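Protein chains in written order, with full-length UniProt numbering: chain A, 1 to 123; chain B, 1 to 134; chain C, 1 to 202.
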């Protein structure tokens with residue numbers, strides 16, 4: 001718990017925090033809609049990488065602006081770093097597994113440059 | 001602030017429900033991994049909203065742990081569970097399980113288990129043969 | 001294994017000193033986890049980091065790179081703004097009525113196949129433009145990306161241009177002068193110029 005003195009900067013920080021909180025929650029919601037609505041595994045992967053990560057970052061920013069406590073902010077920075085480092089790796093692993101085990105309908109991908117024959121493309 | 005918190009909480013909870021729906025629908029384990037990832041993220045969001053509302057810091061270590069749990073989950077699933085036979089990713093209702101058990105003439109409990117499909121099929125066949133003979 | 005014990009110890013020390021960036025990063029993470037900077041935390045974190053590096057040794061990263069502050073800030077700034085734009089784009093695609101756009105798989109050959117820059121470019125390109133890395137060929141430096149909305153991303157060439165520009169920013173921020181020269185990006189030319197020339201070559 002931190003003691004918070006009422007004042008101009010507190011109001012500013014709280015307002016920014018409120019905006020961040022709303023934007024973050026909106027993006028998380030959009031990620032949820034995306035995971036349900038997108039027709040293919042790879043398209044769903046997009047929904048859980050971009051909006052979800054930014055939504056989380058905005059939510060944590062709001063929290064940092066509300067608590068204004070260095071040790072808490074340090075841990076929140078760590079959470080953001082973990083998210084930024086792990087989300088792409090997780091998405092890559094899941095989509096690669098989907099591709100290799102044939103869970104991706106390759107006819108939907110137009111064009112698809114990953115034919116086995118196109119690997120020696122002298123681009 | 002109260003209105004903001006309520007709106008944000010509603011949005012995050014709906015995101016969690018949508019993720020749950022995706023986990024239930026599948027159709028493959030990888031889709032569930034993705035849904036679980038989103039569920040974890042919305043849990044983190046919910047905890048962050050609560051902590052921002054009450055300005056408390058003691059729940060923040062939970063966020064650190066949760067942010068890693070989602071990643072480990074999807075890595076494990078994509079590494080070990082991705083190879084599944086066709087139709088294995090569907091969750092069957094009890095009626096469907098019963099119908100299938102009746103069709104295969106196997107007692108219900110034996111539908112599950114059997115790490116080696118080939119072996120257990122053989123065993124089932126043996127049992128069926130024995131039953132037919134008797 | 002047949003090394004003399006003393007030489008083996010010397011080799012281990014050399015390996016450890018080659019991995020000082022890993023030690024620093026692990027210690028910083030430990031201190032951030034505890035949330036306050038004190039001697040006890042720093043020392044405990046350092047001890048744990050040494051333990052981890054010795055018990056789980058990783059192949060050393062070949063880093064002949066040079067850190068440049070201004071291009072790095074450019075990279076970070078563009079990354080943040082792109083993250084915001086990409087997130088709201090995907091959110092809009094998810095929420096708007098109508099069917100989802102059709103995706104595509106694009107092959108991008110990077111200019112530089114070194115592991116560090118390949119990895120960084122792949123990670124950043126998954127987060128930033130409307131793309132997702134699904135497969136890489138390490139030896140040839142090729143990325144295969146899934147694009148959510150191929151028309152909105154400017155077609156195949158638009159995606160390639162975006163990824164190569166991203167790679168150029170990464171190289172400019174972190175790579176050594178030789179690498180930059182080899183990739184046809186000596187200092188002083190803008191990112192757009194170099195992208196145009198490589199397109200002309202390709």
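Note that beta-carbon positions come from the ideal geometry of N, C-alpha and C, so glycine has one too.
Keep in mind it's a predicted model, so treat the numbers as computed, not measured.
Does residue i have its Cβ less than 7 Å from a Cβ in chain A?
{"i": "residue 87/C", "result": "yes"}
{"i": "residue 59/B", "result": "no"}
{"i": "residue 36/C", "result": "yes"}
{"i": "residue 111/B", "result": "Note that residue 111/B scores 46 on pLDDT, short of 50, meaning its location in the model is unreliable; the coordinates nonetheless yield the value given after this. Not an interface residue."}
{"i": "residue 148/C", "result": "yes"}
{"i": "residue 171/C", "result": "no"}
{"i": "residue 73/C", "result": "no"}
{"i": "residue 2/B", "result": "no"}
Can you tell me where the beta strand (DSSP E) holding residue i begins and where it ends?
{"i": "residue 109/C", "result": "104 to 109"}
{"i": "residue 136/C", "result": "131 to 137"}
{"i": "residue 145/C", "result": "142 to 147"}
How long is the line joining the alpha carbons of residue i and residue j, rounded to whole angstroms?
{"i": "residue 30/B", "j": "residue 39/A", "result": "14 Å"}
{"i": "residue 38/C", "j": "residue 60/B", "result": "20 Å"}
{"i": "residue 179/C", "j": "residue 57/C", "result": "28 Å"}
{"i": "residue 20/C", "j": "residue 44/C", "result": "16 Å"}
{"i": "residue 166/C", "j": "residue 125/C", "result": "8 Å"}
{"i": "residue 73/C", "j": "residue 14/B", "result": "37 Å"}
{"i": "residue 32/A", "j": "residue 19/B", "result": "6 Å"}
{"i": "residue 135/B", "j": "residue 8/A", "result": "The requested residue 135/B is not part of the displayed model; chain B covers only 1 to 134."}
{"i": "residue 110/C", "j": "residue 57/B", "result": "44 Å"}
{"i": "residue 91/C", "j": "residue 99/C", "result": "14 Å"}
{"i": "residue 111/B", "j": "residue 99/B", "result": "Legend: pLDDT at residue 111/B = 46, less than 50; position of this residue unreliable, no value from coordinates given."}
{"i": "residue 17/A", "j": "residue 33/B", "result": "31 Å"}
{"i": "residue 108/B", "j": "residue 97/B", "result": "Residue confidence is low: residue 108/B scores 49 on pLDDT, short of 50, so the model does not pin down where it sits. Its coordinate-derived value is still stated next. C-alpha separation (whole angstroms): 8 Å."}
{"i": "residue 113/C", "j": "residue 23/A", "result": "38 Å"}
{"i": "residue 214/C", "j": "residue 162/C", "result": "Residue 214/C cannot be examined here, being either before or after the span of chain C that is shown, 1 to 202."}
{"i": "residue 57/A", "j": "residue 80/A", "result": "6 Å"}
{"i": "residue 11/A", "j": "residue 65/A", "result": "11 Å"}
{"i": "residue 98/A", "j": "residue 135/C", "result": "11 Å"}
{"i": "residue 86/C", "j": "residue 137/C", "result": "25 Å"}
Does residue i have its Cβ less than 7 Å from a Cβ in chain C?
{"i": "residue 82/A", "result": "no"}
{"i": "residue 8/A", "result": "no"}
{"i": "residue 27/A", "result": "yes"}
{"i": "residue 54/A", "result": "yes"}
{"i": "residue 74/A", "result": "yes"}
{"i": "residue 96/A", "result": "yes"}
For chain B, check one thing: does any of its Cβ atoms lie closer than 7 Å to the Cβ of residue i?
{"i": "residue 126/A", "result": "Because chain A spans 1 through 123 in this model, residue 126/A falls outside it and cannot be assessed."}
{"i": "residue 15/A", "result": "no"}
{"i": "residue 86/A", "result": "yes"}
{"i": "residue 119/A", "result": "Bear in mind that the predicted position of residue 119/A carries a pLDDT of just 43, short of 50, making it unreliable; the figure below should be weighed with that in mind. No, its Cβ sits nowhere closer than 7 Å to a Cβ of chain B."}
Considering residue i, what are the terminal residues of the alpha helix (DSSP H) in which it resides?
{"i": "residue 82/A", "result": "70 to 100"}
{"i": "residue 35/A", "result": "8 to 37"}
{"i": "residue 54/B", "result": "29 to 54"}
{"i": "residue 65/B", "result": "60 to 76"}
{"i": "residue 155/C", "result": "155 to 174"}
{"i": "residue 36/C", "result": "First-last for residue 36/C: undefined, no H or E at that position."}
{"i": "residue 179/C", "result": "177 to 182"}
{"i": "residue 150/C", "result": "Element bounds for residue 150/C: n/a, residue is neither H nor E."}
>> Output needed in chain order: residues of the segment 90 to 107 of chain C with a Cβ under 7 Å from some Cβ in chain A.
In response: 90, 91, 94, 95, 100, 102, 103, 104, 105, 106, 107
>> Would the segment 38 to 53 of chain B count as touching the segment 36 to 55 of chain A if we require 3 or more Cβ pairs under 8 Å?
In response: yes
> On the three-pair Cβ rule with 8 Å, is the segment 64 to 73 of chain A touching the segment 98 to 108 of chain C?
Replying inline: no
>> Give me the subset of the segment 115 to 141 of chain C whose CB atoms are less than 9 Å from a CB atom of chain A, sorted by chain position.
In response: 122, 123, 124, 125, 126, 127, 128, 130, 131, 132, 133, 134, 135, 136, 137, 140
> Listed in chain order, which residues of the segment 21 to 34 of chain C have Cβ atoms closer than 7 Å to some Cβ of chain A?
Replying inline: 29, 32, 33
>> At a CB distance below 8 Å, what residues from the segment 40 to 52 of chain B approach chain A? Give them in sequence order.
In response: 41, 42, 44, 45, 48, 49, 51, 52
>> To be precise: take each residue of the segment 35 to 46 of chain A, compare its Cβ to all Cβ atoms of chain C, and keep it if any distance is under 8 Å. Which residues remain?
In response: 37, 38, 39, 40, 42, 43, 45, 46
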